[in-house]
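Protein chains in written order, with this note's numbering: chain A, 2 to 276; chain B, 2 to 276; chain C, 2 to 276; chain D, 2 to 276.
Just so you know, even glycine gets a beta-carbon here, dropped at the ideal spot from N, CA and C.
Computed from a prediction, not measured in an experiment: that's the story for all the values here.
Just below is one structure, and these are the notes that go with it.
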């Protein structure tokens, strides 16, 4: 089980969310918070946007908690939009090309969950990736395969429809190979402007996914918390597990939904795989 | 908190104890067994003897649980005497030269615990290392410093006395710097023939240390366990935490004692730091 | 340009050929011997046979010349048959799953050279890998793809024919994509009993490949060299570049040939790609 | 033999000097430019200043040429003052704590060269480091020892005098141990405002060191080179080896001199070790 975090809003240093907080992502990498889950020590990655055309990505196979370069980077880099991911491998090799977030052009993608019986269905899935995209696949994970399938199915034009088609295809392929519950996922993807966060699983019991409450609400509730002051009203954090203990700071995304963080009102839509 | 294992007896593949068992050392590296202890993901090392004059050492900064080379090595190498150690850093850098076991000539050394306030006392400790030994120090840990102090104080001639002197010196130095409880340790060291295992702490509440029961006793108790058959009566395993659930297989070393595994009867002696 | 070495004969410590000699493989990794070739610092691997059913493999992304574990391993392990490879990447990622030798069951495979325009032809090549073999592909290199194509085409039954078919297929696929000279290779493969070494390139100017002279001949020529005495008459070394300066010790494999090291007389056969 | 680069002037992306140019530092890491020197594949580091109180440092044990994170970082980070260093170990371990630049407070330090017979003199040198600084030493190199000796001897107050005292002490200590020519060095150090670059060796034949010509001169000479336009007249690059082939762009620092890059006119002073 992996963990991830997506941030969109007023530019902040990455370390604010990755390092400093109680229950920061790095802290979570070492100690699972709720119960007997695994340690996330199989590498990590961060991807961030600045003024360049494509996002930057830093990925390592070391545990996040003991990587000094990650701390240096997180203290040096500010960004209005970044992804971070800590990995617990479900079987594929521990190597940088298998760590999230994955990047294609302006897009980033990260995933918590798995395609069940991936070795059995991998070939059929990979064959469905568009020929022009195929050479860009660098790793061997189910997560990256899902990214390239979504790109094949129109991610850059209509992200929600593309991910619905991707999931529909993964479920269909799994069923053809006798896999009952082919997919379990929370996914975040972005083009550097909007962030889409998906929660879905074949069994209808998906891994957790939380949005931070609107900043204006939070500021009204907690006028004494200084660190909220500098953040714009539209600032949002999406996480696999809550980062702190502030009551009412987090809202769970419902089962089989997609949340969209964008300028103006955010959206929350039902998610339905397409055949 | 680190974990370690020392094996002496009939030659076996390293994987028998490092990989295969429930609660093998690698399994322990990922999941602490009893309660809320830390994950041991800050590197590992194995040292083993064969027919060469000096022991071989393999050390890595990756978590033991995801290092493929360790599994290959553990499946390929057999040895009658080997040490294995998984690290949870207490602050010093994650690098191969800081992973156990440490080697000097025919000797290996590994440690679980710490010298408290090490940065404050390090200079005084390091200055006490013999000039001829000083250049062989490769890392920056308290554990390696203890090894070189013990070598300075006669480890190769009288291991028990040397470690008692080393601990006495560390306690004295700590007290001079205002450290109340200067040392916490379980230590294993060997010259390739005997194994010495020490349990001591300034506060009299040392970390756990267990010896396996005599093989002839175990065989009599469990005549149906095939894997015990091939092992000589003198085979012993010393561990920071028991490796399995076999009742009566493990004996705890008492507080402030040293156990010596050697041909003929093993010994268990009180351990008293020397001024 | 990579470099490799295959050894078959009397059991010796790996370090004899990897570390100790002038122009040992590790020495070659740092300093190319003849002219302006690249440094081989993009990882290395060794694979060796002992009494186990499958060979052991140790692979690392560090330069061979500064990897301490490789030196430890090479000093500890003896084997009658081993492969070693040092990598200079032609573009694919530096990760353990991309380092040679590759292993499948009892087979090892390593390669120096490249499939030209690999990103353009990769999809068609990968699709031709048998469905049952597909999930075993772990990396992203042209070299591993060649291995799985050869396995698909019968490597385990008739290695020479399978590699001829594989090369024929790679050339045909390249031509279909407008690649003039699709392949450049020296390859070694083994089942733990025999070693097959191939030299071929579409342009007819393949990278170098040398066999050591028969040991009985060498012993007669150099009666004073002690280190030859212990080696059986059938001992052979196959290398991409000669390891030392002993005159008449090395014979170049001719262009478009395959050499087979086996009990009894070795063989040297023409190599002809099959459509 | 290591290589290094120091930049001071108009803020630029690190990649401009580390990646993009012909004979960039990364290019140099793979191919030595002039003759038969060693490959610099034993790790690298960059240190840079932005608006934070202390500089950031990114260090890795992988070869600079195949480290993807370095390329990402160099494309993302702009700085008006940065150091970069590629390492060829002279014997000490390949680990992050042994890679340059070293950092203490606001200071960075990097070195090309060596203290001869370092294992023999190390203890005496380390003992001379101030007690308050001693715990900050993290690695085991001669280069870091020189840094902490210079800090002990007043680097933060009078850098030139401190380095002259440090070199005098290293030479005296070497002579006491029978070392004829104790030190060989080019060194760069900075407090984030000025840069000091030293060239000295006991034998009077120091490794090369070059300053870029004043930008106003260069602009007058080469009015057509667009990339010079954006750079302030005070921008300077100091390098162990020239980065390109522009005639008259580089001035060699004379033997036994120190150059100081600072606001206003730079300085070039004789360097004389102090007893």
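Below 8 Å between beta carbons: does that hold for residue i and residue j?
i: residue 135 of chain D; j: residue 109 of chain D; result: no
i: residue 270 of chain A; j: residue 259 of chain A; result: yes
i: residue 154 of chain A; j: residue 171 of chain A; result: no
i: residue 262 of chain C; j: residue 196 of chain C; result: yes
i: residue 107 of chain A; j: residue 160 of chain A; result: no
i: residue 48 of chain A; j: residue 63 of chain A; result: no
i: residue 182 of chain B; j: residue 203 of chain B; result: yes
i: residue 174 of chain B; j: residue 125 of chain B; result: yes
i: residue 164 of chain D; j: residue 6 of chain D; result: no
i: residue 42 of chain C; j: residue 58 of chain C; result: no
i: residue 178 of chain C; j: residue 144 of chain C; result: no
i: residue 169 of chain B; j: residue 276 of chain B; result: yes
i: residue 214 of chain B; j: residue 11 of chain B; result: no
i: residue 180 of chain B; j: residue 273 of chain B; result: no
i: residue 69 of chain B; j: residue 20 of chain B; result: no
i: residue 87 of chain A; j: residue 4 of chain A; result: yes
Please decide whether residue i counts as near chain D, where near means a Cβ-Cβ distance under 8 Å.
i: residue 124 of chain B; result: yes
i: residue 43 of chain C; result: yes
Taking DSSP's pairing of strands, which residues face residue i in a bridge?
i: residue 14 of chain D; result: D:79
i: residue 252 of chain C; result: C:212
i: residue 264 of chain D; result: Bridge partners of residue 264 of chain D: none, in fact.
i: residue 114 of chain C; result: C:186
i: residue 191 of chain D; result: D:109 and D:196
i: residue 271 of chain C; result: C:258
i: residue 87 of chain A; result: A:4 and A:45
i: residue 223 of chain D; result: Answer is none; residue 223 of chain D lacks a bridge partner.
i: residue 238 of chain C; result: C:8
i: residue 201 of chain B; result: B:186
i: residue 61 of chain A; result: A:45
i: residue 103 of chain D; result: D:110
Give a yes or no on whether 8 Å exceeds the smallest Cβ distance from residue i to chain C.
i: residue 270 of chain B; result: no
i: residue 40 of chain D; result: yes
i: residue 53 of chain B; result: yes
Counting contacts by CB-CB distance shorter than 8 Å, is residue i in contact with chain B?
i: residue 120 of chain D; result: yes
i: residue 246 of chain A; result: no
i: residue 36 of chain D; result: Confidence in residue 36 of chain D is poor, its pLDDT being 36 and thus under 50, which makes the residue's placement too unreliable to answer from.
Would the C-beta of residue i count as close to the ligand FMN, meaning under 7 Å from any of its heavy atoms?
i: residue 258 of chain A; result: Absence of the ligand FMN from the depicted structure is noted, as is the absence of any ligand whatsoever, leaving it without description.
At a Cβ threshold of 8 Å, is residue i touching chain A?
i: residue 4 of chain B; result: no
ask   = What are the residues of the segment 58-90 of chain B that lie near chain C, defined by any Cβ-Cβ distance shorter than 8 Å?
value = 58, 59, 60, 61, 69, 70, 73, 74, 76, 77 and 78
Any 3 or more C-beta pairs closer than 8 Å across the segment 179-188 of chain D and the segment 102-120 of chain D = yes
task = Give a yes or no on contact between the segment 207-223 of chain A and the segment 239-253 of chain A, applying the rule of three or more CB pairs nearer than 8 Å.
result = yes
ask   = If contact means a Cβ-Cβ distance below 8 Å, which residues of the segment 9-21 of chain B contact chain C?
value = none
request  = Taking 8 Å as the threshold, find out whether the segment 65-77 of chain A comes into contact with the segment 9-25 of chain A through three or more Cβ pairs.
outcome  = yes
request  = Anything in the segment 127-157 of chain D with a Cβ closer than 9 Å to a Cβ of chain B? List those residues in chain order, please.
outcome  = 127, 128, 130, 132, 135, 136, 137, 138, 139, 140 and 141
Contact list for the segment 94-106 of chain C against chain A, Cβ threshold 7 Å = 94, 96, 97 and 98
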